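For the sequence shown, the residue numbers in my numbering are 22 to 184.
Just so you know, even glycine gets a beta-carbon here, dropped at the ideal spot from N, CA and C.
This structure is a prediction, so every number in the text was calculated from the model and none was measured.
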Amino acid sequence: MGGLVKRIGVTGHRNIPSEVLDHIRSALRAALCGHGGALEALSSLAAGADQLFADIALECGAELTVVIPSGDYERGFADAGELAQYRRLKERATQEVRMGFEHSTDEAYYAAGAYIADNCDRLLAVWDGRPARGRGGTGDIVNYALDAGKPVTVIWCEGVERA
């Protein structure tokens, strides 16, 4: 790979059923660790898949680029634990990219997901294969990346649906 940096982005569900969590952790670790060369990981640090990905990427020695959808993004976290994890990961980021949205809307989430897809070499999708529940959801970003010709690796367990 020489001096090239491989860039891996993530899109994924906020709510990951406990029965697939170990599988997802293992698959993310396999995709992020031990490939040789420098690695940049792109994530919006939403609860669930985004935070899990970022945590494992940092553990594997990657540099973290955080893509913040909106100025009020922190208000969207459901509980103090998710927000604390977001802030902890954000603090460890090498780079921060902010979308130009004041408020967290579906459009802001879509823009952040599209930015990640546009700026990675491979997109990891923690996705159950079902349509997005709102614009900018996982299914939308997977379709966006595929339409743009990006390689997408889907990580999930057949027959399990998200909550």
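In this structure, what does DSSP give as the bridge partners for Phe122? For the purposes of this step, residue 122 is taken as residue 101 along the sequence shown, with counting starting at 1. DSSP lists Ser91 as partners of Phe122.
Could you spell out the range, first to last residue, of the beta strand (DSSP E) harbouring Ile176? As a first step, residue 176 must be located in the sequence shown, where it is residue number 155. It spans Val173 to Ile176 - the beta strand (DSSP E) in which Ile176 sits, taken as one unbroken run.
Between Lys171 and Ala133, is the Cβ-Cβ spacing less than 9 Å? Counting from 1 along the sequence shown, the entry for residue 171 is found at position 150. Counting from 1 along the sequence shown, the entry for residue 133 is found at position 112. For Lys171 and Ala133, no; Cβs fall outside 9 Å.
Secondary structure at Val181, three-state DSSP: helix, strand or coil? As a working mapping, residue 181 is identified with position 160 in the sequence shown. If DSSP states are grouped into helix, strand and coil, Val181 belongs with coil.
Note down the Cα distance separating Val147 from Thr32, rounded to an integer number of angstroms. In the sequence shown, counting from the first residue as 1, residue 147 sits at position 126. In the sequence shown, counting from the first residue as 1, residue 32 sits at position 11. The alpha-carbon separation between Val147 and Thr32 amounts to approximately 6 Å.
Going by beta carbon distance, what residues of the same chain come within less than 6 Å of Gly97, once the five residues before and after it are set aside? Translated into the one-based positions of the sequence shown, residue 97 becomes position 76. Listed in chain order, the non-local C-beta contacts of Gly97 below 6 Å within the same chain comprise Ser125, local neighbours out to five positions each way being set aside.
Do Ala129 and Phe122 have their C-beta atoms closer together than 9 Å? Locating residue 129 in the sequence shown gives position 108, where the first residue counts as 1. Locating residue 122 in the sequence shown gives position 101, where the first residue counts as 1. With contacts defined as CB atoms closer than 9 Å, Ala129 and Phe122 qualify as a contacting pair.
Rounded to a whole number of angstroms, what is the C-alpha to C-alpha distance between Lys27 and Asn36? Within the sequence shown, the letter at position 6 stands for residue 27. Within the sequence shown, the letter at position 15 stands for residue 36. Their Cα atoms are separated by approximately 28 Å.
Helix, strand or coil for Met22? Go by DSSP, reduced to three states. Taking the first residue of the sequence shown as position 1, residue 22 is located at position 1. Reliability of the predicted coordinates at Met22 is poor, the pLDDT of 39 falling under 50, and the value obtained from them is presented with this limitation in mind. If DSSP states are grouped into helix, strand and coil, Met22 belongs with coil.
Would you mind reading off the limits of the alpha helix (DSSP H) that contains Ala78? Counting from one through the sequence shown, the residue named residue 78 turns up at place 57. That run of the alpha helix (DSSP H) goes Ala70 to Glu80.
Please report how far the alpha carbon of Tyr136 lies from the alpha carbon of Glu40, in whole angstroms. Against the sequence shown, residue 136 aligns to sequence position 115. Against the sequence shown, residue 40 aligns to sequence position 19. Rounded to whole angstroms, the gap between the alpha carbons of Tyr136 and Glu40 is 31 Å.
Grab me the residues of Arg50's own chain with a C-beta within less than 6 Å of its C-beta, minus the 5 sequence neighbours each way, in chain order. Here the question's residue 50 lines up with position 29 in the sequence shown. Within the same chain, Cβ atoms closer than 6 Å to the Cβ of Arg50 are found at Ile77, the five residues on either side in sequence being excluded.
Alpha carbon to alpha carbon, how far is Ala99 from Ile29? Give it in angstroms, no decimals. Residue 29 sits at position 8 when you count from the first residue of the sequence shown. Residue 99 sits at position 78 when you count from the first residue of the sequence shown. The straight-line gap from Cα to Cα measures roughly 26 Å.
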